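All remarks here apply to the structure that follows.
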Amino acid sequence: MEIGTWIHAEIDLFYKSGRKHKPVNTPLTQPIWDSFIAFDNFFKPEVDETEFLVYSILFGYSGQGDVRGTINGKFCSVDWKTSHRSGFNEGGLAVEYFFHLCGLAEGEFGRTVECLVCLCSVDFRSGEGGP
Numbered sequence: 257m258e259i260g261t262w263i264h265a266e267i268d269l270f271y272k273s274g275r276k277h278k279p280v281n282t283p284l285t286q287p288i289w290d291s292f293i294a295f296d297n298f299f300k301p302e303v304d305e306t307e308f309l310v311y312s313i314l315f316g317y318s319g320q321g322d323v324r325g326t327i328n329g330k331f332c333s334v335d336w337k338t339s340h341r342s343g344f345n346e347g348g349l350a351v352e353y354f355f356h357l358c359g360l361a362e363g364e365f366g367r368t369v370e371c372l373v374c375l376c377s378v379d380f381r382s383g384e385g386g387p
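Residues 257 to 387 in this note's numbering are what the sequence shown spells out, letter by letter.
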């Protein structure tokens, strides 16, 4: 199984189990899981839904977010990325990532100043844990 698919599935199980599910990790997956747990411990999201569909007829967009819930009293969409690096900008995020996030925000909440999109970036290529 591709590592991005693995982490998405494990996070989904973790939240659906009420944070009881713990994966069997390998030396490759442990830093990724540790990074996610650092995010969860720091932000403590109250998860309403995982793997949710959004669409905007106005903007002609449909997509899927990974987690929807509340963080620090604000309603949030969270989208996990494990392959967010751009081939044109190795040190930076791919432009398409921001289009996806904007599409999620538009489809889910409309254009309001209340809209907040939280990001969890899992960068396993650097060998460093942390959200």
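Where a beta carbon is used, it is the ideal one built from N, C-alpha and C, also for glycine. In this text the structure is predicted, and so the values were computed from the model without any measurement.
With a 10 Å radius around its C-beta and 16 neighbouring C-beta atoms as the bar for buried, classify isoleucine 288 as buried or exposed.
-> buried
Whose CA, out of Phe355, Glu266, Ile313, Phe295, lies closest to the CA of asparagine 281?
-> Glu266
Proline 279 to phenylalanine 292, Cα distance in whole Å?
-> 12 Å
Where lysine 337 sits in the DSSP three-state scheme | strand
What are the boundary residues of the alpha helix (DSSP H) that glycine 329 is part of?
-> Neither: glycine 329 is in no alpha helix (DSSP H) and is coded neither H nor E.
Of all the options Glu307, Asn328, Phe331, which has the alpha carbon lying nearest to the alpha carbon of lysine 272?
-> Glu307
Glycine 325 versus Tyr353, Ile263, Asp296, Thr285, residue with shortest Cα-Cα distance | Asp296
Thinking C-alpha only, which one of Lys330, Met257, Gln286, Phe355 is nearest lysine 300?
-> Lys330
Proximity winner among Arg275, Ser312, Gln286, relative to isoleucine 263 (alpha-carbon distances) = Gln286
Express the C-alpha separation of glycine 321 and arginine 275 in angstroms, rounding to a whole number.
-> 19 Å
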